Each structure stands twice: as C-alpha cells, then as structure tokens.
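Data block below; observations after.
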Amino acid sequence: PSRRPALLAIASAIAAAALLASPAVAVAAPPEYTPGADGAGDPYFPLAGNGGTDIVHYHLDLDYTPAPPDPAPIEGRLDGVATIDLVPTQDLSRFNLDLRGLTATEVTVAGKAATFTQTSNELVITPSKKVKAGKAAQVVVRYGGTTTRPTDIEGALYGWVTTRDGAMVVSEPDGSATWFPVNDHPTDKATFSFEITVPEGLVAVANGLPSRPATTADGRTTWYWDAPDPMAAYLATASVGDYVVNQYVAANGTPIFDAVDPARLGAPSESLALTSDMLVFFESLYGPYPFGSYGAIVDDDSVGYALETQTRSFFSRTAREGTVAHELAHQWMGDEVSPFRWADIWLNEGWATYSQWMWTEHRGGQTAQASFDDYLSIPADDEEWELVVADPGPLGLFLNPVYDRGAATLHALRVRIGDEAFFDLAKQWVERYGGGTASTADFIALAEEVSGAELGDFFDIWLYTPEKPTDW
Ligand code: ARG
Ligand code: ZN
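In the working numbering, the protein residues as written are 623 to 1094.
As structure tokens, this is what we get:
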C-alpha cells in the first residue's frame, strides 16, 4: 500500500496547525495565569522573598510556650495564624510564601480553602480560584511546630531562637521564615500587627507600640502590638521573656518602650539611658526619627549580638554605649532606607558604624577623623583589605570590613565633598528612599547629584577594589 495518503494527511495537518497558530486567525488568548517566582531575585539568597505578590500587612496571631525549665535540647511550641493582606502583581496560578521548619495545616485565599505543599523553604499555595493582578486578596495560613535554635549560613543563631524563658527573635538576613509565612526580602515591606499569647508571667515584645493592654485568661497572657510603619520582614520581632518594662517619652517626643531581662538591669540600662540624647543627636544628622516609637529588648541569652529590629532594637546582655548608638542609627540607615539587595549591606553597616564614630566624637571622645586614621593604620598586606565591601558575598555580609571600611568610605566621602554636601546627602538619602530600599548605585548617584562631583573613581577605590585605598 502506498504511503502517500498518510504523508498528505500529515502535511495538511501541519498546514492546518500553522494556520491556527498564525496571529491573523488567532482567537483571543485566555489570560496567562502563571506561578509566582520562588524568590525575590536576590542572588545572595535566591529563595528569599517571592515573586508575583506585594504584601501590604501581616497580622500574626501567635501562641507560644517556651521550653520547660530544664530540658535538653531547648525546644518550644509555636502555633500561629498569619493573616496576610496582599496585592498580586501578576495574574497568578499559584504563589509562594517562605516558611521553614514549621508546618502549615490550613490555607485560605480570599476566604476559600486553597491547596498547598511545602518544601524546605517554600509554602506553595494554589488558590481554588485564580488570582488576578492588582486585586487585593487576604491569605490566612494556620501553622505551627516545635521551635529550636536555628542558625544562618554562618552558623550564627537567628530567627525564632528558643530560650529557657522565652525566645529571642532576630532574623537578619533571612530568618523570618522560621516563625511566620513571609515574603522574606527587604524589597517587600509591609505593616505588622501582633497578638502573642504566652504563659502568664512572661512578656511578649514586638515592634511598634501596644495597641491595647495585655489580657490574661486561664494562666495565659496575650500581648497586642501594632507596628504601622512599613517594615522589612527581617526587622520584625516578637521576643518573649521575663522582662522588666520601662516606658517613657524621649526628648524628641518619641515614646520609648524598653524590655530588659531582670538579670541585666545594670550596665545595659546605663547605656540605654542615653537613648534620648542619641535620638536628638541623630535627628540633627539624618532628619526626623522615622518611626512612631522606639525602645530596646535586652535578653540574657546571647553575648555580643545586637540587631536593629525596627522600633525595638535587640541587645544581648552587654549592650554597650557604642552598640546602643549603632542600632539606633540603623533605624534611619537600614530600617527606614533598606538594602535593595543584600550585596548593599555596607550601606547599613557603614552608616551605623560611622554614626558610632560621630557619637563618640559628640560625647567628647575620639574624633571621627581619629577613628578613620586608626582604621587606615592597618597595614596594606592585612586581610582586612581583601574584601569587596559592596559585594561581600552571602558569607561576607557581617565581616569587619563591611562595617569599618564602610564607615571609612563615608568619612573619606565627607572629607572629599565637604560637611555641607555630606550631611545634605545623608538627609536627602533618608528623604528620597525612606520607606523603601536603595542600592549602592543609588547612593553613588545621589552623592554625585548632591555634591556636583564626579565620584566614580572614588567609589571604585573604596567599595570595589580589594586593596587598601591609598590615593583617592
Ligand atoms: N545588623 C546587626 C548589627 O550590626 C548584625 C547582625 C549580625 N548577623 C549575623 N548573622 N552575624 O547591628
Ligand atoms: Zn549594624
């Protein structure tokens, strides 16, 4: 039998297919609903944050019981209901939230049950009805599990860190997923509110201010917090402990809420008492304090660690004066203006460290110039100079040069463009990028704009050349 008819049939089928595919005869295509990306696009932490959604508000209803007095290992129990208001930025067939080490048990989208799966870092949610770009939707995630003492890629404790009497919650850079479902990247800031229920006798301290007095029933106390200033997820906290609370109003009018571990009411409180003066000083440098409240959490559990959790900085038992100034300065530099990518971390740490240098000078100690000179006395063959501070890599985020060479860069810039342009730049930086994120390129551009100087070579030498700057 001849094969011809079969070949003809194939040929005409191909022709028909071609016709169908040609735009001239195409019927209106159905809208393309596609999955949101599993990351925000930050090369250092590819799975941090997500694509396709812009989260506007998190309401975290948490129920937590820390470890009994003497167990090993230290573990707690956390159950949560996260109510998340978001706006899809694309037509979504499904989308992700970051969630690590805790198990989701129920998810709804716009009031309807959704199906979901979990991988080690991602909660993948498929709504029963597709979700349209721009149409606000509320997502509710019920979740829970055993809390431990998570560590970051450097091996440092972070996230929801279970302690014997509560939890210290410090999530930089990507630890928020250890305690709530989240778009865990600074490019998706949101407002937060909290309802945290803990055993009676413990205090739960989050960002912002109490929205109503705590309530107690059946041996458990619920603490209510409202944090209305948009916040990067890594700056959220909900630390739990046997805290002594101290509330007052600072000289600039900012309400202060401090929570201090009773075992640590000595030296840290002396440094914390300088907060009011520091607020006045940093307002003179950077403009009005950007948030509606401030305060500190001093926890007994860690030594030396501190974090600029928004409106409520976290300190370990040491909390020295320089660190108190550093974390307060971060409220402008890091919290109000946050890194666009984690590679931009020197903008956080350089500014906070330089703020410390300036505070020391203001207090009658060593001048910022002397701190700079000290730093520049490190020999050229020291490994201090081998890091590219504006691209330190995910393991280099918190290495010393990010802090000190970052600060020295700012001091050298100040000398180069003069005090007037430098402090104008500092204020304009906060004004222009406040509430959002900004990159190193944005900073260089604004420095050139404000000063009128050509600064490409200067920043190349200071930020991008892994050698000791000698001539700039
Ligand atoms: N941003 C904090 C500070 O310098 C430091 C966080 C350190 N984090 C770490 N994983 N080592 O104020
Ligand atoms: Zn810092």
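Note that beta-carbon positions come from the ideal geometry of N, C-alpha and C, so glycine has one too. None of these values were measured; they are calculated from a predicted model.
- DSSP, read as helix, strand or coil, puts F936 in strand.
- Within the same chain, Cβ atoms closer than 7 angstroms to the Cβ of N874 are found at L901, V902, E905 and Y911, the five residues on either side in sequence being excluded.
- Rounded to whole angstroms, the Cβ separation of R939 and A918 is 12 angstroms, and the two are not in contact under 8 angstroms.
- Judged by beta-carbon spacing, L857 lies within the 8 angstroms limit of T931, meaning their Cβ atoms are closer than that value.
- A855 and A694 have their C-alpha atoms spaced approximately 30 angstroms apart.
- For T838, the closest alpha carbon among the candidates V820, A895 and M955 is that of V820.
- One alpha carbon belongs to K757, the other to G674, and they sit about 12 angstroms apart.
- Annotation for L1077 indicates a beta carbon at 7 angstroms or more from all heavy atoms of the ligand ARG.
- Here the distance from the Cβ of E958 to the nearest heavy atom of the ligand ARG is not below 7 angstroms.
- With 5 angstroms as the limit, the residues whose C-beta approaches a heavy atom of the ligand ZN more closely than that are E971 and A974, in chain order.
- At least 8 angstroms separates the beta-carbon of P852 from that of G830.
- The count of Cβ pairs closer than 8 angstroms, one atom from the segment 987-1006 and one from the segment 1022-1030, reaches three, so the stretches are in contact.
- Burial state of P1088 is exposed, judged by a 10 Å Cβ sphere holding fewer than 16 other Cβ atoms.
- Between G698 and T769, the gap from beta carbon to beta carbon is short of 8 angstroms.
- Under the Cβ criterion (8 angstroms, minimum of three pairs), the segment 728-742 does not count as touching the segment 770-789.
- Counting C-beta pairs with one atom in each stretch, the segment 677-691 and the segment 658-669 have fewer than three that are closer than 8 angstroms, which means they do not touch.
- Proximity of the segment 841-849 to the segment 704-711 falls short of the contact definition, fewer than three beta-carbon pairs being nearer than 8 angstroms.
- F1045 and L907 do touch by the CB rule: their CB atoms are close to 6 angstroms apart, below 8 angstroms.
- Using a C-beta cut-off of 8 angstroms, the segment 941-955 makes no contact with the segment 806-819, since fewer than three inter-stretch Cβ pairs fall below that distance.
- Taking C-alpha positions only, V862 is separated from E654 by approximately 45 angstroms.
- As computed with DSSP, F717 is found in a beta bridge with I747.
- Annotated three-state conformation of D676 is strand, per DSSP.
- L1035 places its beta carbon 8 angstroms or farther from that of A1060.
- Closest option to I1083, judged by alpha-carbon separation, among I1066, L714 and E958: I1066.
- Counting along the chain, R1054 sits inside no beta strand (DSSP E); it lies in the alpha helix (DSSP H) bounded by residues D1041 to Y1055.
- In this structure, the CA atom of G1074 is about 51 angstroms from the CA atom of I818.
- Straight through space, the alpha carbons of D923 and A941 are spaced by roughly 12 angstroms.
- Rounded to whole angstroms, the gap between the alpha carbons of Q991 and R1038 is 13 angstroms.
- When A828, F879, V804 and T813 are compared, the shortest CA-CA separation from M790 is found for A828.
- Inclusion of W968 and P795 in the CB contact set at 8 angstroms is not warranted, their separation being larger than that value.
- Look at T989 here: in three-state DSSP terms it is coil, with no helix or strand label.
- Counted as a single uninterrupted DSSP element, the alpha helix (DSSP H) harbouring G972 occupies residues I967 to H984.
- Proximity to S715 across K1090, G1040 and G658 peaks at G658, based on C-alpha coordinates.
- Under DSSP, P821 takes part in a beta bridge, and its partners are R842.
- A distance below 7 angstroms between beta-carbons, with the five flanking residues on each side excluded, links V925 to the following residues of its chain, in chain order: S938, R939 and T940.
- If the five residues before and after E822 are omitted, its C-beta is found closer than 8 angstroms to the C-beta atoms of T838, G841, R842 and T843, all from its own chain and listed in chain order.
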